[in-house]
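In our numbering, the protein residues as written are 179 to 560.
Every residue gets a Cβ at the ideal spot worked out from N, C-alpha and C, and that includes glycine.
Heads up: the structure comes next, in structure tokens.
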Amino acid sequence: MQRIYLDNNSTTRPAPEVVEAMAPWMHERHANPSSPHPAGEASADAIRVARGQVTSLLGCLPSEVCFTSGASESIATAFASALATAPEGRRKLIVSSVEHSAVKYSAQRAEDEGWNRVVIGVDEEGRLDREQLLCEIDSSCAFVSLILANNETGVLSDLQGVGEACRAAGASLHVDAVQVPGKMVLDVGSLGCDFLSLSAHKLHGPAGVGVLFVRSGQTFRPLIVGGPQEDERRAGTENVAAIVGLGVAAQLAQIRSLDTESLAAMENLRDTLEQRLLASLPDSRANGAGSPRVPNTSNVYLGGLEAAYVLAVVGQEGVDASAGSACNATSTAPSPVLMAMGRDEAQASGSLRFSLSAHTTAQEIDRAGDVVIAAVQALRSL
Ligand code: PLP
Numbered sequence: 179m180q181r182i183y184l185d186n187n188s189t190t191r192p193a194p195e196v197v198e199a200m201a202p203w204m205h206e207r208h209a210n211p212s213s214p215h216p217a218g219e220a221s222a223d224a225i226r227v228a229r230g231q232v233t234s235l236l237g238c239l240p241s242e243v244c245f246t247s248g249a250s251e252s253i254a255t256a257f258a259s260a261l262a263t264a265p266e267g268r269r270k271l272i273v274s275s276v277e278h279s280a281v282k283y284s285a286q287r288a289e290d291e292g293w294n295r296v297v298i299g300v301d302e303e304g305r306l307d308r309e310q311l312l313c314e315i316d317s318s319c320a321f322v323s324l325i326l327a328n329n330e331t332g333v334l335s336d337l338q339g340v341g342e343a344c345r346a347a348g349a350s351l352h353v354d355a356v357q358v359p360g361k362m363v364l365d366v367g368s369l370g371c372d373f374l375s376l377s378a379h380k381l382h383g384p385a386g387v388g389v390l391f392v393r394s395g396q397t398f399r400p401l402i403v404g405g406p407q408e409d410e411r412r413a414g415t416e417n418v419a420a421i422v423g424l425g426v427a428a429q430l431a432q433i434r435s436l437d438t439e440s441l442a443a444m445e446n447l448r449d450t451l452e453q454r455l456l457a458s459l460p461d462s463r464a465n466g467a468g469s470p471r472v473p474n475t476s477n478v479y480l481g482g483l484e485a486a487y488v489l490a491v492v493g494q495e496g497v498d499a500s501a502g503s504a505c506n507a508t509s510t511a512p513s514p515v516l517m518a519m520g521r522d523e524a525q526a527s528g529s530l531r532f533s534l535s536a537h538t539t540a541q542e543i544d545r546a547g548d549v550v551i552a553a554v555q556a557l558r559s560l
């Protein structure tokens, strides 16, 4: 059975170009980029190329790109740096109620250590309470961390003016942009952020490698100390193959994000699936569909059923989807993101996420619709 993979917000399949580009760096071109011989220099050059590719994706300078082991590390580093270098007397940090667990728990840990954590709410469509947000960014605030595209619902945070407000208040801004590359254009200049996190495996690159953008001139304190790698911002011998793969994936994502026709086609497939489920299944609802969203994500409440049961049945029929964040997949707790949007426990644990890729076809969407509708009808009749 050909499986239909609709779980691209959890992880994506590495692109063939990525795998091909990585292979030599795991075979004969294995030298340490810090070694002073030609083979080492070749590894350092490969990292330089990848840095250039990420620079182009983000619209930043090469010196502003720091490679990490993934977005969780990038996020932890941004928090650790911003809090450790915060001016005396500033004890406030701000996050939203719909953050990925990497941000949520970094903020919670900071609160345990004495920081004043302020959580900005969202409305029932997942839209940030901008009034509360802009009001809280004041002279007591050290750090603001906000998700750009929600991993569970695809809802885009309206960050217009937030960077300027942070700058005016003297606070630094981190943006979790993990779910954005390849789905829309990313530009750190217009975001006005000081830090931004990415993860290669969300953009058809390998797992275990990511990016922390650190704006030039930003006071910075590394989380991992030791060697002088990454301009002394992140110690540890570089994973050259993974960084090369990330670079190629970034280049491909940039091309996809500029291809408005393909993005519209992906959105159209997402909407086709969503509308079909809503039309065929009474008591269903698309979470966050009233907000601007990235074009690949649909989160649908299926009315009275535990998502885990539906997922098991559709999985047997060859459709891979998920119920919210992969990081919470082993938990039976209802989605905190959907709860923050005002859903009750039954609604938050009865919602499924379908996340498409640029390679998802109309036939797959057709078949996935058939399978999900049949599964829900069968389970409801029990
Ligand atoms: N932020 C968001 C929005 C995510 O979706 C993820 C991964 O699910 C992360 C951060 C963490 O990324 P990683 O697992 O690569 O550390």
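Would the beta-carbon of residue i be found less than 6 Å away from any heavy atom of the ligand PLP?
| i | result |
| --- | --- |
| ALA420 | no |
| GLY248 | yes |
| SER469 | no |
| ALA546 | no |
| ASN477 | no |
| VAL550 | no |
| GLN541 | no |
| ASN446 | no |
| ILE280 | It should be noted that the sequence gives Ala, not Ile, for residue 280. Within the cutoff, so yes. |
| SER377 | yes |
| VAL356 | yes |
| ASN417 | no |
| ASN329 | yes |
Does DSSP put residue i in a helix, a strand or coil?
| i | result |
| --- | --- |
| THR415 | coil |
| GLY388 | strand |
| VAL475 | The identity of residue 475 in the sequence shown is Thr, whereas the question assumes Val. In this structure, THR475 counts as strand in the three-state DSSP scheme. |
| LYS270 | strand |
| ALA320 | strand |
| ALA536 | coil |
| SER279 | helix |
| ASP544 | helix |
| ARG181 | coil |
| ALA605 | Look at the range of the chain in this structure, 179 to 560, and you will see that residue 605 is not part of it. |
| ARG521 | coil |
| SER188 | coil |
| LEU456 | helix |
| VAL243 | strand |
| LEU530 | strand |
| PRO514 | helix |
| GLN338 | coil |
| GLN396 | coil |
| LYS380 | helix |
| LEU557 | helix |
| GLU484 | coil |
Look at residue i and residue j and say whether their C-beta atoms are less than 7 Å apart.
| i | j | result |
| --- | --- | --- |
| ILE433 | PHE245 | no |
| ILE543 | LEU430 | no |
| HIS379 | ALA193 | no |
| ALA288 | LEU312 | no |
| SER259 | ARG399 | yes |
| SER323 | VAL281 | yes |
| ASP185 | SER476 | no |
| ALA224 | VAL418 | yes |
| ALA485 | SER529 | yes |
| ILE315 | ALA347 | yes |
| ILE298 | ASP307 | yes |
| GLU242 | PHE391 | yes |
| VAL353 | LEU326 | yes |
| GLY370 | GLU342 | yes |
| ALA228 | GLY425 | yes |
| TRP293 | ARG269 | yes |
| PRO473 | MET519 | no |
| ALA524 | LEU516 | no |
| VAL550 | VAL492 | yes |
| VAL232 | ALA552 | no |
Under the DSSP definition of a beta bridge, which residues are partnered with residue i?
| i | result |
| --- | --- |
| VAL300 | LEU306 |
| VAL353 | LEU324, LEU374 |
| ASN294 | LYS270 |
| ARG463 | TYR479 |
| VAL333 | ARG471 |
| ASP498 | TYR183 |
| SER252 | DSSP output for SER252 lists no bridge partner at all. |
What are the complete beta strand (DSSP E) segments, minimum 3 residues, inside the segment 398-452?
Listed in chain order, nothing qualifies, since the segment 398-452 has no complete beta strand (DSSP E) run of 3 or more residues.
Counting only runs of 4+ residues fully inside the segment 203-238, write out the alpha helix (DSSP H) ranges in chain order.
The segment 203-238 contains these whole alpha helix (DSSP H) runs: 216-236.
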